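Student: Quick one: this structure, given as structure tokens, is what I'll be asking you about.
There are 2 protein chains.
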Amino acid sequence: MRLSELSEQSGITTATIKYYLREGLLPPGRRVSATQAEYDESHLRRLRLVRALLQVGRLPVATAREVLGHADDESLGRTMRLGAALWSLPHGPDPDEDAPETVAARAEVDRLLDRLGWTTAQEIGALSPVHRSLVASLAALIRLGYPCEGDYLADHARLMHQVAVRDLDMMETYPSQSEQVEMAVASAVLYEPLLTSLRRLAQEEESARRYGL
Amino acid sequence: MRLSELSEQSGITTATIKYYLREGLLPPGRRVSATQAEYDESHLRRLRLVRALLQVGRLPVATAREVLGHADDESLGRTMRLGAALWSLPHGPDPDEDAPETVAARAEVDRLLDRLGWTTAQEIGALSPVHRSLVASLAALIRLGYPCEGDYLADHARLMHQVAVRDLDMMETYPSQSEQVEMAVASAVLYEPLLTSLRRLAQEEESARRYGL
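Going line by line, the protein sequences match chains A and B.
Residues in the first sequence are numbered from 1 upward in steps of one, following this note's numbering.
Residues in the second sequence are numbered from 214 upward in steps of one, following this note's numbering.
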């Protein structure tokens with residue numbers, strides 16, 4: 001399809017699409033003449049993801065470009081491609097390495113991963129910003145004196161693993177690896193607020209069941 | 214204890230504690246003379262929560278005051294007290310009421326709550342900012358054309374209900390209702406980033422199990 005059709009089908013103005021092209025958020029179309037290019041379904045899909053990252057995830061353009069660059073990197077294995085894209089999404093702050101609560105939190109995360117048998121997470125360790133965010137969140141709890149004993153953490157981790165299994169099942173309904181990685185990124189940005197709302201709503205519901213309104 | 218001891222035990226300077234007192238984030242101590250007041254364990258606990266809200270949750274002072282005001286409101290029933298405190302925490306944007314995807318999202322949430330038998334959530338409905346955020350997140354998915362069919366959503370909601378059951382079990386280990394509500398607020402602010410990290414880590418782990426690194 002032409003640029004004008006891409007604009008029509010996506011509901012995004014041609015000026016904005018051109019801006020995304022210039023910023024490297026959208027790969028160029030197949031050039032068919034000096035002034036025209038052809039776009040296809042993959043461009044439509046990519047535009048949808050760009051919207052999700054910029055509008056819903058409120059990512060800066062440079063961050064979105066980095067995320068999409070990893071998602072497109074076919075030289076990486078599947079997990080690393082998924083990982084690299086997720087890793088460039090915004091994370092919580094890194095832990096303060098010198099603080100005693102960081103040492104305690106790291107030991108707790110080590111015990112947790114060991115207990116769960118999450119061997120990849122153990123191997124990758126602090127290389128992963130996800131791992132570092134987990135340590136930082138836990139360190140904040142410890143510093144403030146909030147309880148976070150192993151059972152509570154392990155229970156939640158198991159439930160989150162069940163969530164992840166469903167997430168990956170859903171991704172697998174997409175035919176190509178590129179689409180799957182795109183879906184993973186979209187799911188991180190779009191479904192995290194959904195899960196947060198569902199948890200708070202479930203807390204209200206459970207509270208009403210236990211104690212009445 | 215005196216202000217100086219409260220400062221020592223909490224690790225927060227007296228200047229900062231006085232600021233929290235002026236801003237109404239910390240209830241005044243019991244006055245014992247014209248210039249002195251006595252503080253107790255509840256002040257220590259409250260200081261911890263104030264730190265969590267301001268430092269980790271990055272809430273503006275006015276929002277933190279509102280959250281704590283609801284948590285302290287003994288005229289409310291237990292669920293409403295919990296709800297009101299959680300409701301004043303920052304939420305995602307409200308849905309755009311006029312948009313067709315909002316209508317579709319609201320219908321989907323109605324079906325979901327019906328299917329789950331979450332009758333309180335149904336009754337309270339859009340009065341709850343949590344409900345509104347859920348509709349807004351879902352509307353964003355629909356607008357961008359990402360799939361969110363009922364089974365996936367219901368599965369996640371059930372898992373989040375299991376999380377909530379554990380959250381409330383943990384709260385119930387605290388003796389007083391005030392402490393329980395404080396814990397609920399702390400848990401929303403402090404445990405949400407933890408759950409997000411656990412989900413992403415679980416996705417990496419599950420991906421490595423399925424596809425290798």
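Where a beta carbon is used, it is the ideal one built from N, C-alpha and C, also for glycine.
Remember, predicted model here, so these are calculated numbers, not experimental data.
Identify the continuous alpha helix (DSSP H) that holds His369 (chain B) and give its terminal residues.
Tutor: Unbroken alpha helix (DSSP H) run through His369 (chain B): 363 to 385.
Student: What residues match up with Ala318 (chain B) in a beta bridge as DSSP calls it?
Tutor: DSSP lists no partner for Ala318 (chain B).
Student: So which residues of chain B does His131 (chain A) contact, with C-beta pairs closer than 7 Å?
Tutor: Chain B residues near His131 (chain A): Leu414.
Student: Less than 7 Å between C-beta atoms, sequence neighbours within five positions excluded: which residues of the same chain meet that for Ala349 (chain B)?
Tutor: So the qualifying residues of the chain are Gly305, Pro306, Asp307, Pro308.
Student: Which residue from A:Arg30, A:Glu101, A:Lys18, A:Val56 puts its Cα closest to that of Val354 (chain B)?
Tutor: Here the sequence assigns Leu to residue 354 (chain B), which means Val is not the residue at that position. Minimum Cα distance to Leu354 (chain B) is reached at A:Val56.
Student: Kindly identify the DSSP beta-bridge partner or partners of Glu38 (chain A).
Tutor: In the DSSP output, where bridge partners are listed per residue, Glu38 (chain A) has A:Arg30.
Student: When the cut-off is 7 Å and only beta carbons count, does Trp87 (chain A) lie next to chain B?
Tutor: Trp87 (chain A) does not count as touching chain B.
Student: Spatial neighbours of Arg291 (chain B) within its chain, please: C-beta separation below 7 Å, excluding the five flanking residues on both sides.
Tutor: Taken in chain order, the residues that qualify are Gln390.
Student: Using 7 Å as the limit for Cβ to Cβ distance, is Tyr435 (chain B) near chain A?
Tutor: A query on residue 435 (chain B) cannot be resolved here, the shown segment of chain B reaching from 214 to 426 and no further.
Student: Leaving aside the five residues before and after Thr226 (chain B) along the sequence, list all residues of the same chain whose C-beta is less than 7 Å from its C-beta, in chain order.
Tutor: The residues are Ser220.
Student: Using only the alpha-carbon positions, how far apart do Pro240 (chain B) and Ala99 (chain A) sit?
Tutor: Cα to Cα, Pro240 (chain B) sits roughly 30 Å from Ala99 (chain A).
Student: Going by C-alpha to C-alpha distance, which of B:Leu347, B:Arg278, B:Gly363, B:Glu392 sits closest to Ser197 (chain A)?
Tutor: Out of B:Leu347, B:Arg278, B:Gly363, B:Glu392, B:Leu347 has the C-alpha closest to the C-alpha of Ser197 (chain A).
Student: Under 7 Å, Cβ to Cβ, is there at least one residue of chain E near His374 (chain B)?
Tutor: Within the model displayed, chain E is absent; protein chains A and B are what it includes.
Student: Hey, how far is the Cα of Val185 (chain A) from the Cα of Asp40 (chain A)?
Tutor: Roughly 21 Å separates the two Cα atoms.
Student: Can you name, in chain order, every residue of its own chain whose Cβ lies under 7 Å from the Cβ of Glu182 (chain A), other than the five neighbours on each side?
Tutor: Closer than 7 Å at the Cβ level, and outside the excluded window around Glu182 (chain A), lie Arg45, Leu49, Ala71.
Student: At 4 residues or longer, and completely inside the region 73 to 150 of chain A: list those alpha helix (DSSP H) runs for me, N to C.
Tutor: You should have 78 to 87, 100 to 116, 119 to 124, 129 to 144.
Student: How many Å lie between Ile230 (chain B) and Ser255 (chain B) at the Cα?
Tutor: Ile230 (chain B) and Ser255 (chain B): Cα-Cα distance of roughly 14 Å.
Student: Thinking C-beta only, is Glu362 (chain B) closer than 7 Å to Ala164 (chain A)?
Tutor: Cβ atoms of Ala164 (chain A) and Glu362 (chain B): not closer than 7 Å.
Student: Sort B:Thr333, B:Pro360, B:Ile337, B:Gly296 by Cα distance to Ala318 (chain B) and report the nearest one.
Tutor: Of the candidates B:Thr333, B:Pro360, B:Ile337, B:Gly296, the one whose C-alpha sits nearest the C-alpha of Ala318 (chain B) is B:Pro360.
Student: Which residues in chain B have a C-beta closer than 7 Å to the C-beta of Met80 (chain A)? List them in chain order.
Tutor: The contacting residues are Leu426.
Student: Please decide whether Val269 (chain B) counts as near chain A, where near means a Cβ-Cβ distance under 7 Å.
Tutor: Taking Cβ atoms only, chain A reaches closer than 7 Å to Val269 (chain B), which makes this a yes.
Student: Determine which residues of the region 143 to 171 of chain A have a Cβ less than 7 Å from any Cβ of chain B, and write them out in chain order.
Tutor: Those residues of the region 143 to 171 of chain A that come within reach of chain B (Cβ to Cβ, closer than 7 Å) are Leu144, Gly145, Tyr146, Tyr152, Asp155, His156, Ala157, Leu159, Met160, His161, Gln162, Val163, Ala164, Val165, Arg166, Asp167, Leu168, Met170.
Student: If Ala370 (chain B) and Ala202 (chain A) are in contact, beta carbons under 8 Å, what's the gap, nearest whole angstrom?
Tutor: Contact holds; Cβ gap of about 7 Å.
Student: Roughly how many angstroms lie between the CA atoms of Tyr424 (chain B) and Leu116 (chain A), to the nearest whole one?
Tutor: Cα to Cα, the separation comes out at about 19 Å.
Student: Can you find a CB in chain A that lies within less than 7 Å of the CB of Ala265 (chain B)?
Tutor: At least one chain A Cβ lies under 7 Å of Ala265 (chain B).
Student: For Glu236 (chain B), does the three-state DSSP call read helix, strand or coil?
Tutor: In this structure, Glu236 (chain B) counts as coil in the three-state DSSP scheme.
Student: Would you say Ser42 (chain A) faces chain B, with C-beta separation under 7 Å as the test?
Tutor: By this cut-off, Ser42 (chain A) is not an interface position.
Student: CB Ala64 (chain A) to CB Leu76 (chain A), shorter than 7 Å?
Tutor: No, the pair does not count as a contact, with Cβ atoms beyond the cut-off.
Student: Kindly indicate the opening and closing residues of the alpha helix (DSSP H) around Thr63 (chain A).
Tutor: It spans 61 to 71 - the alpha helix (DSSP H) in which Thr63 (chain A) sits, taken as one unbroken run.
Student: Let me make sure I understand the geometry here. Which of A:Leu194, A:Tyr174, A:Pro129 has the alpha-carbon closest to that of Ala85 (chain A)?
Tutor: Considering only alpha carbons, the answer is A:Pro129.
Student: So with CB distances below 8 Å, who are the chain B contacts of Ala71 (chain A)?
Tutor: Under the 8 Å cutoff, chain B gives no residues; its nearest Cβ is about 14 Å from Ala71 (chain A).
Student: Taking the alpha helix (DSSP H) that Ala397 (chain B) belongs to, which residues open and close that run?
Tutor: 390 to 424 is the extent of the alpha helix (DSSP H) around Ala397 (chain B).
Student: Which one of B:Arg422, B:Leu281, B:Ser400 has the shortest CA to CA distance from Met384 (chain B)?
Tutor: Comparing Cα positions, the closest option is B:Ser400.
Student: With distances taken from CA atoms, which of B:Thr315, B:Val322, B:Leu403, B:Tyr232 is nearest Gly145 (chain A)?
Tutor: Comparing Cα positions, the closest option is B:Leu403.
Student: Can you give me the start and stop residues for the alpha helix (DSSP H) that Leu3 (chain A) sits inside?
Tutor: Taken as a continuous stretch (DSSP letters only), the alpha helix (DSSP H) holding Leu3 (chain A) covers 3 to 10.
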